[in-house]
Structure formats: structure tokens, C-alpha cells
Amino acid sequence: MADLHFSDAEPTASERRAVLAALSVDEASDGAVVVSHPRVVRAGMQRRKQMRHQLLPALHALQREAGWISPGGLNFVGRTLGVPPAEAYGVATFYEMFRTEAPAHELSVRHVCVDPICALAGAAPLAEHLRSQGHAVHEGPCLGQCERAPAVFIQGRREPDRVPADGSGPDSLLVSVTAPAPEAPSLLRHMIGRDHGGSESMSMEAYRERGGGAALDAALGLGTDEVISQVTAVGLSGRGGAAFPTGIKWRAVADGEGPKHVVANIDESEPGTFKDRLLCELEPLAIIESIAVAGLTVGAEHGWIYIRGEYPLATQRLRHAIAQAHSAGWLGDDAAGSGQPFDIELRRGAGAYICGEETALFNSLEGFRGEPRNKPPFPTTHGLFGRPTVVNNPETLLNVNEILRIGPEAYRSVGTEGSPGTKLFCLSGHVGRPGLYEAPFGMPLGELLELAGGVQGTLAAVLLGGAAGSFVGSDAGEMPLSLEDTRAAGTTLGSGPVMVFNDSADMSAVVERLAKFFRDESCGQCVPCRVGTVRQHELVTQIRRTGRSTEPQRELLGDIADAMGDASICGLGHTAASAVLSAMRLGLLGDTAS
Numbered sequence: 096m097a098d099l100h101f102s103d104a105e106p107t108a109s110e111r112r113a114v115l116a117a118l119s120v121d122e123a124s125d126g127a128v129v130v131s132h133p134r135v136v137r138a139g140m141q142r143r144k145q146m147r148h149q150l151l152p153a154l155h156a157l158q159r160e161a162g163w164i165s166p167g168g169l170n171f172v173g174r175t176l177g178v179p180p181a182e183a184y185g186v187a188t189f190y191e192m193f194r195t196e197a198p199a200h201e202l203s204v205r206h207v208c209v210d211p212i213c214a215l216a217g218a219a220p221l222a223e224h225l226r227s228q229g230h231a232v233h234e235g236p237c238l239g240q241c242e243r244a245p246a247v248f249i250q251g252r253r254e255p256d257r258v259p260a261d262g263s264g265p266d267s268l269l270v271s272v273t274a275p276a277p278e279a280p281s282l283l284r285h286m287i288g289r290d291h292g293g294s295e296s297m298s299m300e301a302y303r304e305r306g307g308g309a310a311l312d313a314a315l316g317l318g319t320d321e322v323i324s325q326v327t328a329v330g331l332s333g334r335g336g337a338a339f340p341t342g343i344k345w346r347a348v349a350d351g352e353g354p355k356h357v358v359a360n361i362d363e364s365e366p367g368t369f370k371d372r373l374l375c376e377l378e379p380l381a382i383i384e385s386i387a388v389a390g391l392t393v394g395a396e397h398g399w400i401y402i403r404g405e406y407p408l409a410t411q412r413l414r415h416a417i418a419q420a421h422s423a424g425w426l427g428d429d430a431a432g433s434g435q436p437f438d439i440e441l442r443r444g445a446g447a448y449i450c451g452e453e454t455a456l457f458n459s460l461e462g463f464r465g466e467p468r469n470k471p472p473f474p475t476t477h478g479l480f481g482r483p484t485v486v487n488n489p490e491t492l493l494n495v496n497e498i499l500r501i502g503p504e505a506y507r508s509v510g511t512e513g514s515p516g517t518k519l520f521c522l523s524g525h526v527g528r529p530g531l532y533e534a535p536f537g538m539p540l541g542e543l544l545e546l547a548g549g550v551q552g553t554l555a556a557v558l559l560g561g562a563a564g565s566f567v568g569s570d571a572g573e574m575p576l577s578l579e580d581t582r583a584a585g586t587t588l589g590s591g592p593v594m595v596f597n598d599s600a601d602m603s604a605v606v607e608r609l610a611k612f613f614r615d616e617s618c619g620q621c622v623p624c625r626v627g628t629v630r631q632h633e634l635v636t637q638i639r640r641t642g643r644s645t646e647p648q649r650e651l652l653g654d655i656a657d658a659m660g661d662a663s664i665c666g667l668g669h670t671a672a673s674a675v676l677s678a679m680r681l682g683l684l685g686d687t688a689s
């Protein structure tokens with residue numbers, strides 16, 4: 096971009112058409128645009144301010160059309176949306192999926208995951224094989240396919256993005272270097288209907304036949320206060336990792352004034368996590384129903400789905416489910432006959448782990464860099480577009496459906512006193528049947544591993560909670576998997592990743608990759624995290640190279656962890672050292688030396 100000023104660059108005709116199509120606008124005279132989407136029709140500057148949240152869709156359109164974000168295309172997007180080109184460039188360069196330099200050739204890009212589970216499953220030879228076949232390859236972070244590692248995501252040029260393992264596209268060349276993934280276990284009791292998966296089960300009629308819509312009907316019958324009372328009484332906590340009480344969050348937003356929002360955070364990018372992808376692929380109408388329940392309960396008019404860009408099948412099915420919900424009357428000016436307007440818009444992320452943090456997600460949705468905001472104020476009062484906002488993980492929302500369907504007493508009959516209900520666990524690595532498992536809170540870790548076919552080989556360690564979690568040793572099989580028990584043991588469940596490593600794994604390489612993940616994914620906004628993740632990775636690399644850790648190195652790692660934990664703006668910095676420190680305690684990262 097250095098040789099071409101933004102002011103001199105113009106889009107190609109195809110780039111222009113692609114952007115206008117993505118924004119649902121019609122071209123008028125003198126290069127102006129007339130917005131056809133009723134949600135963003137405004138006059139003058141106010142209309143342009145309202146349009147900035149369309150920046151991500153516009154950048155996705157440019158990337159797909161040209162294979163990169165060209166200066167001319169970016170300039171056109173900036174003029175159309177009223178965003179300064181320099182700011183639009185700052186947004187484009189923030190994300191893993193966007194390119195701001197012309198590609199060497201016009202092929203689609205094969206993204207290959209190199210995080211621990213895929214690395215163990217042969218990511219390196221897979222990437223080399225793809226290059227030998229003439230494909231453009233980008234080696235990057237977790238793609239949310241850990242149960243079928245090694246993972247590939249194909250970012251199309253002038254064609255839809257796709258995932259070979261979904262059967263979407265002729266990508267048989269992968270078969271020569273990857274073994275067939277084990278069949279997904281059908282051990283999901285209430286999150287997903289037992290007859291899920293086929294195209295016929297995606298219809299509203301089939302969803303209704305297996306009980307779909309009951310939660311929405313119940314919510315409208317009970318009213319706001321009773322729904323929130325039930326959610327509070329059962330002690331439902333968030334399933335995205337923070338475990339914040341859902342009822343408290345909903346009550347605060349319900350009591351707020353003015354326009355409100357509900358956001359389904361489906362930007363799971365934690366290595367080892369893939370539950371939200373499967374929930375959306377297998378039961379998209381349940382996701383839409385749960386968002387409608389949340390929106391109508393707290394009095395929101397606007398619902399948003401923010402889904403990671405590497406999930407094309409889930410995105411496609413959610414869009415279809417939104418259309419079906421409109422046809423069924425669940426969404427619109429009189430949503431589900433409630434007398435309230437409520438609608439849902441979907442936005443694709445573009446590859447940024449930090450956007451799983453709720454305030455970073457807001458910035459991304461609004462068309463800014465996905466950098467976290469300081470708290471307070473909190474999202475319940477100052478969330479998306481500065482308005483009261485409920486942000487929930489899909490698993491949390493589906494638990495609300497279950498509470499309304501079976502009642503609080505039946506819901507609390509499962510799990511533990513401090514962790515009622517069930518939890519979705521993502522099993523990956525050296526287990527017999529990697530996949531998504533639903534189990535009651537409190538199930539011992541060893542029992543969960545047996546449910547997944549048992550450990551393959553001799554167990555070395557288990558990483559609970561993903562990259563932001565902690566390693567536990569082979570003696571942790573009796574540990575109950577509840578919020579209170581894992582907290583007492585000094586570890587965490589996080590959003591549910593359970594990554595299993597046997598004694599054939601190079602654990603120092605695993606730890607080094609986790610440290611590099613945080614170095615790469617730190618947004619760089621605050622100094623403790625920006626500098627701390629770099630220094631942590633450097634130290635881990637030194638220890639791995641020598642095979643030994645010295646007392647000064649261990650003390651420095653502890654100091655870095657304290658600084659990041661105390662002073663970082665968001666949870667990324669707070670937890671960036673958890674896996675590294677736990678690996679040190681278990682002797683997984685080099686021998687100790689004085």
C-alpha cells in the first residue's frame with residue numbers, strides 16, 4: 096500500500112458491485128448510495144453513523160471478490176459508509192482473515208490450524224501437502240474443528256468459504272494425509288434433538304414436532320419477571336467461561352431504559368473449543384428461539400449474532416433459520432404475537448480471538464477495531480451502541496430454553512448444588528472418540544474421559560479450559576467437573592475444552608505454542624498484555640531450547656503473570672499465563688535447575 100495513496104485509488108467495477116451487494120444498496124447518480132435496508136435508512140451524517148456497523152460485511156465482500164482488501168476497494172467502502180480510509184485500514188489489518196497486500200496468485204487460501212491438537216494430528220505435513228498441490232496456505236490459530244483434527248478452512252475467492260470436513264466442496268486431496276474423523280457421539284441430551292443433522296430436521300415443521308417453540312411460548316406466558324425469577328432461582332451461570340449469573344445480567348438489562356440489545360456471542364476461538372459450531376450446525380432454530388426468548392424477556396428490539404468467520408456451515412444454517420423464524424412470525428414488528436418488535440441480524444467475525452471478549456465484540460460489531468473497553472461501565476448499562484445489552488453464549492441461552500421447558504425443580508435435580516444442570520465438554524486429542532459431550536456438572540474427569548472412549552496411550556496431562564485454562568496431571572481423574580470443585584483445585588472449566596495429551600506428545604512444544612497463541616492474539620491495546628505475552632513467549636522458547644528452567648526464569652514468569660493479571664484491561668491478559676504456570680508446576684516445561 097505504500098506506493099498508492101488512498102486518495103488516488105479507485106475500486107474496480109467488480110469490487111464496487113460486491114460492496115454494494117453486501118450492503119444491500121442501490122447505486123445512484125454522482126457516486127452516492129441510497130440505503131435500501133430499512134434498519135439503516137437515515138438522512139445525512141446520522142445515516143452514515145448508523146452505517147458504520149456494516150464495515151465488517153463490506154470488508155468480507157472485498158476479500159472474497161479480490162482475494163485482498165485493495166486500496167481502491169477500501170477507499171470506496173470508506174466513502175460509502177462515512178468511515179475515514181485510515182480507520183477502515185486499521186480495522187482491516189486487525190483480523191486474521193483479511194489481507195491488505197495483493198496475493199501472489201488468484202487461488203483461494205487454505206487455512207491450516209497449527210494449535211496443539213491439530214499439530215499433534217499432523218498439521219505440518221498437511222500444510223506441506225497442500226502447498227505441493229499448488230494451493231496457497233496460511234498456517235494460523237484454532238479453526239474450531241478440534242474433534243476432527245487436523246483442521247482446514249478454505250477462504251474462497253469469488254466462491255463461498257467452506258470446510259472440507261463438512262463435505263462442502265471437492266477437496267478429496269485431503270484424504271491422502273488425514274484419517275477419517277471418528278463419528279460424532281450422540282450424547283447430547285437436551286441441547287440438541289436426537290433426530291438432528293439431516294436437512295429435513297432443519298425445517299420449522301420438524302423443529303416444532305420435537306418440541307421447538309415451547310420455550311418461547313412459555314416465556315411469553317410467564318412474563319419478564321417470572322422468567323428472570325426462574326433463571327435466577329436455578330442459579331444458571333454463563334457457559335462462555337466467565338460463569339457470571341445469567342439472572343442478574345438479564346434483570347439489569349430488563350430494568351434499563353431506552354433501546355436495548357441482545358447479542359449471541361458465537362465467536363468461540365479458544366483452542367480446543369467447538370461446541371458452539373456444532374450447536375449452530377445441528378440445531379440452528381433452537382439458537383434463534385433462545386435469542387428471541389432473551390430479547391422479548393428483557394424488552395430488547397434488536398438481536399445480534401456475532402459468529403466467527405471460519406464457520407461457514409453454521410452461518411448458512413443460522414441465516415436460513417432466521418428466515419424461517421420470520422416466516423413463522425417469531426421475528427418482526429409483532430414478534431411471536433408479543434406486541435413487541437424484535438429482529439435478529441447476523442455478523443461474521445474475521446479471525447480475532449479477542450473478539451470473544453464482550454466489549455471487544457461490541458467494537459467489532461460497530462465497525463471499529465476489536466479492542467476491549469474499560470469496565471465500568473458494564474454492558475448491562477452501556478453495551479452495544481452504548482445501550483443496555485445482554486451478551487450470552489449459545490449454550491447459556493439454550494439452558495434458559497431447558498429451564499422454561501422442564502421447570503426449575505427438574506433442572507436443579509441435575510448437577511451439583513453450586514453448579515446446577517449440565518455442561519457441554521469438547522473432548523479432543525488422545526481420546527478414543529473426540530467430540531462434544533453433555534454431562535452433568537460434577538462428573539469426575541476420569542469418567543468423562545471414559546465416556547469419550549478413554550485415553551489412547553499413557554496419560555501425561557489434560558488441559559482444562561483451553562489456552563486460557565490450566566493443565567492437570569494424570570492423578571486428577573477423581574476431580575469433579577463443577578465450577579466449585581475445579582476452582583478449589585486451582586483450575587477452571589472455562590467454556591468446556593478438555594484437551595488430552597498422552598506421553599507421546601512433546602509437552603514443551605505444546606506449551607510454547609500456547610504462549611505464542613497469546614503473543615499473536617493480544618490486541619496490543621494495553622502495555623501489560625502487549626509486552627507481557629511477548630516476554631512470556633520468549634522465556635518459554637528459551638526454556639524449551641535448553642530443556643531446563645532456572646530459578647530466575649521461573650521467578651520472571653511469575654512476575655510477568657502477576658503484572659498481566661493485575662493490570663491488563665481484559666481477560667486475555669488475566670489468563671495468558673495460566674497454562675504456562677500450571678505446566679511449570681507439573682514439570683511439563685523443562686527440568687528445574689538452580
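Following my numbering, the numbering of the sequence shown begins with 96 at its first residue and continues without gaps. Just so it is clear, CB atoms sit at the ideal spot from N, CA and C, and this is done for glycine as well.
task: Give me whichever residues DSSP pairs with Asn360 in a beta bridge.
output: Tyr401
message: Between Glu160 and the ligand FMN, is there a pair consisting of the residue's CB and a ligand heavy atom that are separated by less than 7 angstroms?
response: The ligand FMN is absent from the structure shown, which contains no ligands of any kind.
task: Would you check if the segment 535-555 and the segment 352-369 touch, i.e. whether three or more CB-CB distances between them fall below 8 angstroms?
output: No contact exists between the segment 352-369 and the segment 535-555.
field: Among Lys370, Glu545, Leu151, Glu254, nearest to Glu201 - alpha-carbon criterion
entry: Glu254
- request: Return the CA-CA distance between Ser523 and Arg112, expressed in angstroms with no decimal places.
  value: 43 angstroms
- prompt: Taking C-alpha atoms, which residue in Ser165, Cys241, Asp686 lies nearest to Arg649?
  reply: Asp686
- prompt: Is the CB of Pro379 under 8 angstroms away from at least one CB in chain D?
  reply: Of the protein chains in the structure, only one exists, and it is not chain D.
- request: Pick helix, strand or coil for Ile501, following the three-state DSSP scheme.
  value: helix
task: Just tell me which of Asp661, Ala260, Leu546, Phe480 has its CA closest to the CA of His397.
output: Phe480
message: Short of 6 angstroms in beta carbon distance, which residues of its chain neighbour Met299, apart from the five on each side in sequence? Order them along the chain.
response: Gln419, Ala423
Touch test, the segment 590-605 against the segment 560-575, Cβ-Cβ under 8 angstroms, three pairs minimum: Because the criterion of three Cβ pairs below 8 angstroms is met, the segment 590-605 and the segment 560-575 touch.
query: Are there three or more Cβ pairs, one per stretch, closer than 8 angstroms when the segment 242-258 is compared with the segment 396-411?
result: yes
- prompt: Is Leu176 near Gln149, with beta carbons less than 8 angstroms apart?
  reply: Result yes, Cβ atoms of Leu176 and Gln149 sit closer than 8 angstroms.
message: Measuring alpha carbon to alpha carbon, tell me which residue in Thr195, Thr581, Glu453, Ala656 is nearest Val675.
response: Ala656
field: the segment 366-385 touching the segment 500-517, judged by at least three CB pairs closer than 8 angstroms
entry: Counting C-beta pairs closer than 8 angstroms gives fewer than three between the segment 366-385 and the segment 500-517, which falls short of the contact rule.
- prompt: According to DSSP, is Lys355 helix, strand or coil?
  reply: If DSSP states are grouped into helix, strand and coil, Lys355 belongs with coil.
query: Under the three-state reduction of DSSP, which class applies to Leu554: helix, strand or coil?
result: strand
field: Beta-bridge partners of Asp438, as assigned by DSSP
entry: His397
message: For Leu413, tell me which candidate among Gly330, Ala447, Pro474, Ala359 has the shortest Cα-Cα distance.
response: Ala359
Completely contained alpha helix (DSSP H) runs for the segment 402-432, where each covers 4 or more residues: Whole alpha helix (DSSP H) segments, 4+ residues: 407-422.
Straight-line gap, Glu533 to Lys518 (C-alpha atoms, nearest Å): 6 angstroms
message: I'd like the list of long-range same chain contacts for Ser577, defined as Cβ closer than 6 angstroms, with 5 residues on each side in sequence excluded.
response: Thr511, Ser514, Phe536, Gly537
- request: Helix, strand or coil for Glu533, going by three-state DSSP, please let me know.
  value: strand
task: Starting from the Cα of Lys355, find the closest Cα among Pro436, Leu311, Val326, Leu374 and give me that residue.
output: When each option's Cα is compared against that of Lys355, the closest is Pro436.
task: For Asp615, collect the residues of the same chain with a Cβ closer than 8 angstroms to its Cβ; drop the 5 residues on either side in sequence, then sort them by chain order.
output: Its chain contains Pro236 as the residues whose beta carbon lies nearer than 8 angstroms to that of Asp615, once the 5 sequence neighbours on both sides are disregarded; these appear in chain order.
field: Three-state class that DSSP yields for Lys470 in the structure shown
entry: coil
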